[in-house]
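**Q** Below: one structure in structure tokens.
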Amino acid sequence: MSDFRPSGRQPDQLRPVVIQRGFTRHAEGSVLVCFGETRVLCTASIENRVPGFLRGKGEGWVTAEYGMLPRATHTRSDREAARGKQGGRTLEIQRLIGRSLRACVDRNALGERTITLDCDVLQADGGTRTAAITGAYVALVDAVNVLMKRGDIKRNPILGAVAAVSVGVYRGTPVLDLDYAEDSDCDTDMNVVMNDGGGFIELQGTAEGHAFRRRDRAAGRAAGGAVGMNRRIALTTLVVADYDEAIGWYTGKLGFQLLDDIDQGSKRWVVVGPTDGSAAALLLARASNDEQRSRIGNQTGGRVGFFLNTDDFRRDHAAMLAAGVEFLEEPREEPYATVAVFRDLYGNTWDLLEPR
């Protein structure tokens, strides 16, 4: 027994984890997942339709929604529906769940259908988002098994298992799987999402009072080399006239993947980016007033404003020409790169370049 953790656990000890499958009757996949006293109901629902930007492309979509019952916590909180909008924390968590699950799915094998994971926190005692990811993965697998048994899909689209856990520094000691008492009093916490091959899918962390160091034992257990991450620019806003039109162009012409598409009522949070996930991504923001509409296609006053790096200029230049991308010049050799300027659907100018 540990004498400093409120639960008495050892620093590297998980809470008891229980996953009860088939918890509800109607959903294709349903799981009650418990990490100690944290309990989350995860259901997977199949719809034979996809978002507009995917119609006719033969691939599916996986998305997630997250919510918390009013009395899941120590004191009652208002339902977000009563407030008229979802909070920032809710949106952040459901995006995390959606991204984590899409990372383990071959969307072409899924076909033109959507699987929605609804994650509802029944009781919160820390680690609700990591519990939701773990439970939602199991519900997703059960829903896919339904599709396989019905003969709706020919091959299993699940690429591998996904699970998540938190790690933090509590009273100067790195610990695994924080409960509420630890989470509310810790110096540092991080959420780690991994696949069964040992690869990292997502890492989210904050260090308010104690930064992770390479020698921290729990950081090494749960996050591996992630504690050495450098900061980077993650998103660049691109003002567009229509979400689906822009998604279709960037995924169809440039071969980008859709990373996020979250309905926020009057607007959407839409992110697209290169398929390797190594570069900054684009936040596609629909113009909402005359000033913003005037900037569509000319955000940088006529200068090249966006740069798409490639490791094989000839390959990607030929592929983009074949896809109908308009290049404004022939390829040229510069001291720093092989370069050609192209224009997107709105008129923004881009450099396609292979750095030297």
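Note that UniProt numbering has the sequence shown beginning at 1, numbered continuously upward.
Even for Gly, the Cβ is constructed at its ideal location relative to N, Cα and C.
Source: prediction; values computed, not measured.
(1) Could you tell me whether the region 113-120 touches the region 31-42, where touching means 3 or more Cβ pairs closer than 8 angstroms?
(2) If you follow the alpha helix (DSSP H) that Y336 is part of, which residue opens it and which one closes it?
(3) Count the other C-beta atoms from every protein chain shown that fall within 10 angstroms of the C-beta of D216, then say buried if there are 16 or more, exposed otherwise.
(4) For A285, which residues in the same chain have their Cβ closer than 6 angstroms to its Cβ, ignoring the five residues on either side in sequence?
(5) What three-state label does DSSP hand D216 in the structure shown?
(6) Output needed for G88: all residues of its chain with C-beta closer than 7 angstroms, excluding positions within five of it in sequence on either side, in chain order.
(7) Could you check where the alpha helix (DSSP H) with A143 kicks off and where it finishes?
(8) So if DSSP puts S45 in a beta bridge, which residue, or which two residues, is it bridged to?
(9) Compute the distance between the beta-carbons of R125 and D179, then report whether it is under 8 angstroms.
(10) Can you tell me whether R49 is buried or exposed, with buried defined as 16 or more other CB within 10 angstroms of its CB?
(11) Is L110 buried or exposed, if buried means 16 or more other CB atoms sit within 10 Å of its CB?
(12) Mind checking whether V105 and V62 have CB atoms under 8 angstroms apart?
(13) Which value, in whole angstroms, describes the spacing of the CA atoms of V144 and L258?
(14) For R171, which residues of its own chain have a beta-carbon under 7 angstroms away from its beta-carbon, when the five flanking residues on both sides are left out?
(15) Taking one C-beta from the region 285-300 and one from the region 340-349 each time, how about it: are there three or more such pairs within less than 8 angstroms?
(16) Taking contact to mean 3 or more Cβ pairs, one atom from each stretch, closer than 8 angstroms, check whether the region 246-265 and the region 94-108 are in contact.
(17) Please name the residue or residues paired with L238 in a DSSP beta bridge.
(18) Judging by CA-CA distance, which residue of Y66, E28, E92 is the nearest neighbour of M148?
(19) Could you check which residue in A131, E65, T114, N156 has the C-alpha nearest to that of G36?
(20) What do you get for R214, buried or exposed, if any count of 16 or more other CB atoms within 10 angstroms of its CB means buried?
(21) Please classify I296: does DSSP put it in a helix, a strand, or coil?
(22) Mapping the DSSP letters down to three states, classify R55 as helix, strand or coil.
(23) Report the CB separation of A318 from F327 in whole angstroms; it is logged as a contact under 8 angstroms.
(24) Taking 8 angstroms as the threshold (C-beta atoms), are T128 and A163 in contact?
(25) Take the Cβ of Y243 as the centre, count every other Cβ of all protein chains shown within 10 Å, and call the residue buried at 16 or more, exposed below.
(26) Express the C-alpha separation of F53 and T251 in angstroms, rounding to a whole number.
(27) Buried or exposed: N108, going by 16 or more other Cβ atoms within 10 Å of its Cβ?
**A** On the basis of the coordinates in this document:
(1) Contact between the region 113-120 and the region 31-42 is present: three or more C-beta pairs spanning the two stretches fall below 8 angstroms.
(2) Neither: Y336 is in no alpha helix (DSSP H) and is coded neither H nor E.
(3) Its pLDDT being 48, under 50, D216 is placed unreliably in this model, and the coordinates cannot settle the point.
(4) T237, V239
(5) Interpretation of D216 is limited by its pLDDT of 48, a score under 50 that renders its predicted location unreliable; no figure is taken from the coordinates.
(6) none
(7) 128-150
(8) T116
(9) Reading off the sequence, residue 125 comes out as Asp, not Arg. Yes, they are a contact pair.
(10) exposed
(11) Label assigned to L110: buried.
(12) yes
(13) 21 angstroms
(14) F4
(15) These segments touch.
(16) yes
(17) L284
(18) E28
(19) A131
(20) Below a pLDDT of 50, predicted positions are generally treated as unreliable, and R214, at 44, falls in that range; the measurement from the model is reported next regardless. Exposed, since its Cβ has fewer than 16 Cβ neighbours within 10 Å.
(21) Looking at I296 - three-state DSSP - the assignment turns out to be coil, as it is neither helix nor strand.
(22) If DSSP states are grouped into helix, strand and coil, R55 belongs with coil.
(23) The C-beta distance from A318 to F327 rounds to 11 angstroms, too long to fall under 8 angstroms, and the pair is not in contact.
(24) No, the pair does not count as a contact, with Cβ atoms beyond the cut-off.
(25) buried
(26) Distance between the alpha carbons of T251 and F53 is about 9 angstroms.
(27) Answer is exposed; the Cβ neighbour count stays below 16.
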